[in-house]
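Engineer: Quick one: the structure is below, and I'll ask about it shortly.
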Amino acid sequence: MRLILMTTIFETIKRRRSIGKMTDQVPTHEQVERILEAATHAPNHHKTEPWKFFVVSGKARVEMGDVMAQALAERHKDEPHLCTPASLDKERNKPLRSPILIAVASKAPEQGNVLAIENIEATAAAVQNMLLTAEEMGLAAMWRTGDAAYDPRVKRWFGLAPEDQLVAFVYLGYPAIQASERHPAPADNKTVWL
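Numbered by our numbering, the letters in the sequence shown go through residues 20 to 213 in order.
Below you can see the structure in the form of structure tokens.
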């Protein structure tokens with residue numbers, strides 16, 4: 020039984036791909052809850068559970084896009100060639116790529132013995148759990164960040180403190196395209212046995 024389960028997990032890991040094109044079909048509330056539940060089982064040093072999830076759907080995606088466009092305009096106010104109407108529209112439409120977007124943040128450590136990087140790493144592990152669970156459900160998921168994830172205006176929109184970090188924008192929906200094949204370099208190419 021355990022070998023069968025391990026094979027299934029390994030196959031899900033190998034099969035998972037980022038799929039950027041999604042249909043308008045919205046994952047169910049139960050599916051999203053299960054994905055978030057999986058995230059909370061990620062390992063984390065000092066048991067800090069530093070992750071915070073923001074499920075963005077419906078009109079909130081439009082509001083988020085407006086904030087992202089405003090943030091882009093502010094970042095490039097002295098570089099008009101980087102802040103064209105087309106680039107603002109592109110930024111504004113990013114949250115509309117999928118019916119649901121889950122922003123995943125890592126809260127800054129409150130205890131002196133916890134390093135911020137450890138909270139970020141734990142949150143990244145939580146995101147991987149989300150992606151694998153979405154794959155297992157037949158959903159499309161894509162992990163993105165970009166300049167908006169590090170922008171103070173965007174972080175404020177989520178109610179985050181300046182020292183908190185947005186680790187991922189997880190776009191979630193149903194695939195509109197077939198995932199491409201991936202052939203990573205063999206692990207031996209990246210491994211040193213000591």
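Every residue gets a Cβ at the ideal spot worked out from N, C-alpha and C, and that includes glycine.
If you measure between the beta carbons of Ala124 and Phe73, is that distance less than 9 Å?
Structural biologist: In this structure, Phe73 lies closer than 9 Å to Ala124 by Cβ.
Engineer: Within 8 Å, do at least three Cβ pairs link the stretch 98-107 to the stretch 65-80?
Structural biologist: No: the two stretches stay apart, fewer than three of their Cβ pairs being nearer than 8 Å.
Engineer: Going by beta-carbon coordinates alone, are Pro128 and Met83 separated by less than 9 Å?
Structural biologist: Going by C-beta atoms, Pro128 is not nearer than 9 Å to Met83.
Engineer: Can you check whether the C-beta of Gln147 is within less than 9 Å of a C-beta belonging to chain B?
Structural biologist: Of the protein chains in this structure there is only one, and it is not chain B.
Engineer: Touch check for the stretch 191-204 and the stretch 167-177: three-plus C-beta pairs under 8 Å?
Structural biologist: Not touching, per the Cβ criterion.
Engineer: Which one or two residues does DSSP pair with Pro194 in a beta bridge?
Structural biologist: Pro194 is bridged to Met41.
Engineer: Pick helix, strand or coil for Leu101, following the three-state DSSP scheme.
Structural biologist: Helix at Leu101.
Engineer: Per DSSP, Gln184 forms a beta bridge with which residues?
Structural biologist: Bridge partners of Gln184: Ser125.
Engineer: Report the residue from Ala167, Gly192, Lys66, Arg34 whose alpha carbon sits nearest the alpha carbon of Ala126.
Structural biologist: Per the sequence presented here, residue 126 reads as Lys, with Ala not at that position. That would be Lys66, whose Cα lies nearest to the Cα of Lys126.
Engineer: To the nearest angstrom, how far is the alpha carbon of Asn112 from that of Ala206?
Structural biologist: Going from the Cα of Asn112 to the Cα of Ala206 covers about 37 Å.
Engineer: Please list the terminal residues of the continuous alpha helix (DSSP H) segment that includes Lys78.
Structural biologist: From DSSP, the alpha helix (DSSP H) with Lys78 extends over 78-94.
Engineer: At the level of alpha carbons, what is the spacing between Ala167 and Gly178?
Structural biologist: One C-alpha to the other measures close to 15 Å.
Engineer: Going by beta carbon distance, what residues of the same chain come within less than 6 Å of Gln184, once the five residues before and after it are set aside?
Structural biologist: Here the set comprises Ser125, Ile139.
Engineer: Given 8 Å as the limit, is there contact between the stretch 80-94 and the stretch 155-163, that is, 3 or more CB pairs closer than that?
Structural biologist: Result no; under three Cβ-Cβ pairs closer than 8 Å.
Engineer: Since Met149 and Ile54 are thought to touch, with beta carbons under 8 Å apart, how far apart are those beta carbons, to the nearest angstrom?
Structural biologist: Indeed, because the Cβ distance is near 5 Å, the residues count as touching under 8 Å.
Engineer: Who are the Cβ neighbours of Arg122 in its own chain at under 7 Å, not counting the five residues just before and after it?
Structural biologist: In the sequence on display, residue 122 carries Ala and not Arg. Phe73, Val75, Phe177, Leu185, Phe188, listed in sequence order.
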